[in-house]
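Residue numbers (the working numbering): -1 to 290.
Quick look at the structure:
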């Protein structure tokens, strides 16, 4: 049987349920018919809001356990990220009324710990494209002990009964616990919220697959870095009076999130140096018969 008296199991189920309800609200309010292709702001808001909610809860419930998650609040603290931070804070405050932008950043950064012998790991939104289509995605939380998944919980807001696509339905929480089996229940229906149904006995296979998934949570596409540079180039071109074109390739390549954070400022420095010293003005190029 699923032991709901164990604090870690009870916590994981409760917080994934809350995070699933929160990101479902973000999807409902921000992914609309007016949504444009290439606008990643809804899933960005959902990512940060989900991680902030879980980070806060973990810091209060298990303050001595490490938490490894996907996001850091670094880009939210930048001037061009403050509008996203305001949106994230607004959604989180609906569940945590005392939320402030600074507290939200602190809760998000609780997830920047390094893995240890026992740690929690979170993928705040697994399924970016599905989320942006108004379709399938999941909130994934796991407790890793000595390199193996001990507790894994998936919140699937747009799946009912564990397998049926049902946007706007009751949603599904899938729970796997070492030595206890795998179970499912509903996200939204409070009358059935504790009615767990055992769905599998092959725990080794399920937790093995979950482990592979949660250990990828630190990987992020380079587009997350690239998307901020067209504006940098436009500002540089305007400031220098030069005709500058930016070509970006390989944005789908995934790297560890720490690499993205380390590259952000040096890349801007390289672009500024290129604009100042590597590109001639239109007048200078005309003097040497070079095309403008």
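Quick reminder that beta carbons are idealized off the backbone N, C-alpha and C, glycines included.
Between the region 85 to 92 and the region 155 to 175, are three or more C-beta pairs nearer than 8 Å? no
If you compare alpha carbons, which of 129, 262, 223 is closest to residue 248? 223
Flag this pair as yes or no: are the beta carbons of residue 52 and residue 13 separated by less than 9 Å? yes
Using the three-state DSSP reduction, which class does residue 87 fall into: helix, strand or coil? helix
Residues that residue 253 bridges to, as DSSP identifies them: 218
In its own chain, which residues sit with a C-beta less than 8 Å from the C-beta of residue 280, not counting the 5 before and 5 after it? 239, 240, 241, 290
If contacts are defined as beta-carbon pairs under 8 Å, then residue 139 and residue 105 qualify, I think. What distance do you get, rounded to the angstrom? With 8 Å as the limit, residue 139 and residue 105 do not qualify as a contact, their Cβ atoms being about 15 Å apart.
Start-to-end residues for the alpha helix (DSSP H) that takes in residue 166: Element bounds for residue 166: n/a, residue is neither H nor E.
Rounded separation between residue 194 and residue 2 - CA only: 10 Å
Buried versus exposed call for residue 26 [16 or more other C-beta atoms within 10 Å across all chains shown]: exposed
The beta strand (DSSP E) with residue 151 in it runs from where to where? 146 to 154
Exposure of residue 49, with buried meaning 16 or more beta-carbon neighbours within 10 Å: buried
Is DSSP giving residue 228 helix, strand or coil here? helix
Could you tell me the alpha carbon to alpha carbon distance between residue 143 and residue 59, rounded to whole angstroms? 17 Å
For residue 11, count the other beta carbons within 10 Å of its own beta carbon; 16 or more makes it buried, fewer makes it exposed. Which is it? buried
Can residue 46 and residue 0 be called in contact, C-beta distance under 9 Å? no
Residue burial classification, residue 232 (beta-carbon count within 10 angstroms, cutoff 16): exposed
Since residue 18 contacts residue 155 with CB under 8 Å, what's their CB separation in whole angstroms? 5 Å
Assuming residue 217 and residue 253 make a contact with CB atoms under 8 Å, what is their CB distance in whole Å? 7 Å
Closer than 8 Å by C-beta to residue 34: which residues in its own chain qualify, once you throw out the five before and the five after it? Chain order, please. Bear in mind that the predicted position of residue 34 carries a pLDDT of just 47, short of 50, making it unreliable; the figure below should be weighed with that in mind. Excluding positions up to five away in sequence, the list is empty.
Taking the alpha helix (DSSP H) that residue 117 belongs to, which residues open and close that run? Residue 117 -> not in any alpha helix (DSSP H); beta strand (DSSP E) instead, spanning 116 to 124.
Just to confirm, are residue 102 and residue 120 a CB contact at a threshold of 9 Å? no
Run of the alpha helix (DSSP H) containing residue 106, from where it starts to where it stops: 99 to 107
Please say whether residue 137 and residue 153 have beta carbons closer to each other than 9 Å? yes
Buried or exposed: where does residue 159 fall if 16 or more other Cβ atoms within 10 Å of its Cβ makes it buried? exposed
Local conformation of residue 0 per DSSP, three classes: coil
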